[in-house]
Every structure is written in C-alpha cells, then in structure tokens.
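One structure is given below, encoded as structure tokens.
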Amino acid sequence: MACIDKDGNITRSAELMLLAAVEPNDIETIIRECGLAPFRVRSGLRELEKVGLIQMKGNLYQVTPMGIEKLEGKLSH
Amino acid sequence: METTNNVKTSSQIPRIGDKAPNFEAESTFGPLQLEDFKGSWLVFFSHPADFTPVCTTEFIEFAKNYEKLRKLNCELLGLSIDSIFSHISWVRNIEEKFGVKIPFPIIVDLDASVANLYGMIMPGDSNTETSRCVFVIDPDGKIRAMIYYPLTTGRNIDEIIRLVQALQTTDKHTVATPANWRPGEKVIVPPPRSQEAAQERMNQDYDCVDWYFCKKSLEKD
Chain A
54 MACIDKDGNI TRSAELMLLA AVEPNDIETI IRECGLAPFR VRSGLRELEK
104 VGLIQMKGNL YQVTPMGIEK LEGKLSH
Chain B
36 METTNNVKTS SQIPRIGDKA PNFEAESTFG PLQLEDFKGS WLVFFSHPAD
86 FTPVCTTEFI EFAKNYEKLR KLNCELLGLS IDSIFSHISW VRNIEEKFGV
136 KIPFPIIVDL DASVANLYGM IMPGDSNTET SRCVFVIDPD GKIRAMIYYP
186 LTTGRNIDEI IRLVQALQTT DKHTVATPAN WRPGEKVIVP PPRSQEAAQE
236 RMNQDYDCVD WYFCKKSLEK D
C-alpha cells in the first residue's frame with residue numbers, strides 16, 4: 054500500500070489527495086489541486102478508497118471520517 | 036506458454052494498433068493499472084535487471100529527459116523481473132551514486148505476468164530477464180510503436196522522444212514524417228489515392244519531387 058506505511062501513517066501524496074477531497078471534488082479538480090501526475094492521483098484515490106479513507110459519491114470523491122482522523126493526526130505532528 | 040528456469044514465457048506479442056493489454060501490478064509508486072495512464076501518452080519499457088550497468092545508464096537518461104516527456108503529455112513506466120525491495124534499493128543507489136532521482140514508477144513483475152502480456156521476454160536472448168522493449172501507448176490506450184533492443188545494447192532515449200513527437204505530429208496534422216525528421220522540419224503529405232488527386236497535388240503549394248513525394252512545412256497550416 055503506497056498511500057499508507059506499515060505503521061498506518063499516510064504518505065505525503067496521500068495527504069495531498071485527502072486535503073483536495075475534504076470538500077467533494079471530481080478527479081480533475083483533485084489532480085489540479087494536488088499537482089500530482091494524473092496516473093498517481095487515479096491509483097492513489099483507488100487505494101485510499103480501498104482502505105476507507107475516501108469515498109465516492111457519484112463522480113465526486115470525499116474524505117471519510119476515518120480519513121479526517123488521519124489528516125488531523127498528520128497535521129498535529 | 037512454456038516454463039524455463041521457473042519463468043513462464045509467452046510467444047504472444049501485441050502488435051502496433053492493438054489495444055495495450057491492461058494489468059494491475061505493484062510498483063515503486065504503489066499499485067498501478069495501465070488504465071491509470073489514460074489521457075496521457077506512455078512510454079512503457081522493460082529492462083533486464085536492477086543493478087546492471089547498461090540499465091543504470093538508461094534509467095539516468097530517462098530520468099534526465101522526464102520533464103521533456105512530461106511537456107509532451109507523456110509518462111514513463113519501467114518494468115523488470117525484480118522485487119520491490121530491489122527496485123527501491125537500486126533507485127536509491129542511482130540517486131546516491133549518480134545524483135539522479137528516478138521520477139517515474141517501476142513495475143514489480145516477479146512472476147513475469149505483465150512481461151508475458153507484452154512479449155518482453157525473448158528466450159533466445161534470456162529466459163529469465165526481460166529484453167529492452169519499448170511500447171509507445173497513446174492516450175486512448177492503443178499501442179502506436181514498439182522497439183526491441185537486446186540485453187547488450189542501451190537504447191537511444193533521444194530517439195524515443197523523437198518517436199513520440201513524430202506520432203503526436205502525425206495525429207495532429209494527418210501527415211507522415213520522413214527519415215531522421217525532427218520537430219520544425221518539413222513533413223510528408225500523404226500520397227494521393229487517385230489520378231485526379233495526383234494531378235491536383237502538383238498544382239498545390241507543396242514541395243514536390245513527384246506526385247507521390249511531397250513535403251510541406253507545418254507553419255503554413
């Protein structure tokens with residue numbers, strides 16, 4: 054899992070994707086806000102969705118409560 | 036499919052014009068699917084093994100030209116039959132010893148499943164390593180060009196970039212490109228398909244040697 058290390062911490066790229074999806078956003082907006090290559094965002098969002106940190110509503114991605122917790126944990130360090 | 040030295044090899048090789056076979060694989064950037072690259076051009080290439088000198092020179096050159104490729108909306112994706120730990124260690128070694136950061140992902144293909152999808156193993160060259168294969172895949176996921184080099188010979192990265200530029204020029208302007216073409220040089224006007232069109236061709240403002248051999252500058256468009 055590239056977006057989360059074995060200690061359960063999110064990576065920098067995962068953090069950028071979660072931050073871009075605090076408000077529901079489509080993938081193009083998230084790509085633009087993250088400044089990451091589109092392939093990295095597509096694969097990253099898929100992984101974040103698998104581990105329950107992000108969810109899809111229609112064609113929009115939004116951080117889950119668990120994702121918010123991860124973000125708050127990261128930002129408090 | 037035959038098995039040699041525990042690596043299954045396939046004689047299957049996709050062809051130019053085919054849809055590039057999709058896959059999901061672990062990489063140095065995490066799990067990737069080919070479909071993650073849709074909308075971008077992709078140079079998907081294999082190398083024989085990590086920690087080998089020719090491959091190291093190729094990776095350094097790919098890395099140095101990565102931004103040039105990104106400006107062409109083109110990504111790079113490497114592959115070899117090595118573990119994730121080998122890939123990570125090699126990438127770190129290249130940065131430490133050569134001062135070059137590898138900015139693109141490398142696929143982990145220990146069971147050679149992706150290599151076999153793309154016919155990257157040439158048993159006459161090596162049963163256990165991928166040859167130096169290059170697949171240029173367009174934004175719609177179609178294979179547009181293929182290059183194969185043997186284990187001994189490093190690829191010309193400048194030629195791969197030129198190939199991407201030529202394919203993009205062909206798509207944009209419906210033209211062909213002559214031998215050794217470089218961006219900015221004249222391109223080939225597709226030959227006419229009727230006698231009438233051949234006659235008309237000679238009266239157009241092209242640089243024609245004969246009815247079938249006409250060039251033009253793209254600046255005139």
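Top to bottom, those sequences are chains A and B.
Using this note's numbering, the final residue of the first sequence is 130, and nothing's skipped along the way.
Using this note's numbering, the final residue of the second sequence is 256, and nothing's skipped along the way.
Glycine included, C-beta positions come from ideal geometry on N, C-alpha and C.
- For Pro118 (chain A), not one C-beta of chain B is nearer than 8 Å to its own C-beta.
- Against Arg95 (chain A), the close residues of chain B are Asp71, in the order they occur along the chain (beta-carbon pairs closer than 7 Å).
- About 15 Å separates the beta carbons of Ile172 (chain B) and Ala60 (chain B), which is beyond the 8 Å limit, so they are not a contact pair.
- Pairing Leu202 (chain B) with Arg179 (chain B) gives a Cβ-Cβ distance under 8 Å.
- Using a Cβ distance threshold of 8 Å, Glu110 (chain B) and Phe72 (chain B) count as a contacting pair.
- For Met157 (chain B), the closest alpha carbon among the candidates B:Arg236, B:Phe248, B:Pro83 is that of B:Pro83.
- Residue environment: Lys123 (chain A) is assigned as buried (16 or more neighbouring CB atoms within 10 Å of its CB, all protein chains considered).
- Counting the other Cβ atoms within 10 Å of the Cβ of Ala98 (chain B) gives 16 or more, which makes it buried.
- Between the alpha carbons of Asn112 (chain A) and Gln234 (chain B) lies a distance of about 54 Å.
- Counting along the chain, the unbroken alpha helix (DSSP H) around Ser121 (chain B) starts and ends at 119-133.
- At a cut-off of 8 Å between beta carbons, Cys87 (chain A) makes no contact with chain B.
- Between Ile95 (chain B) and Phe133 (chain B), the C-beta gap is smaller than 8 Å, which places the two residues in contact.
- Within the model, the alpha-carbon separation for Asp85 (chain B) versus Ser229 (chain B) is close to 54 Å.
- Taking a Cβ-Cβ threshold of 9 Å, the residues of chain B close to Glu100 (chain A) are Gly65, Pro66, in chain order.
- Straight-line measurement puts the Cα of Ile192 (chain B) at about 21 Å from the Cα of Asp206 (chain B).
- By the criterion of at least three beta-carbon pairs nearer than 8 Å, the stretch 163-171 of chain B is in contact with the stretch 109-126 of chain B.
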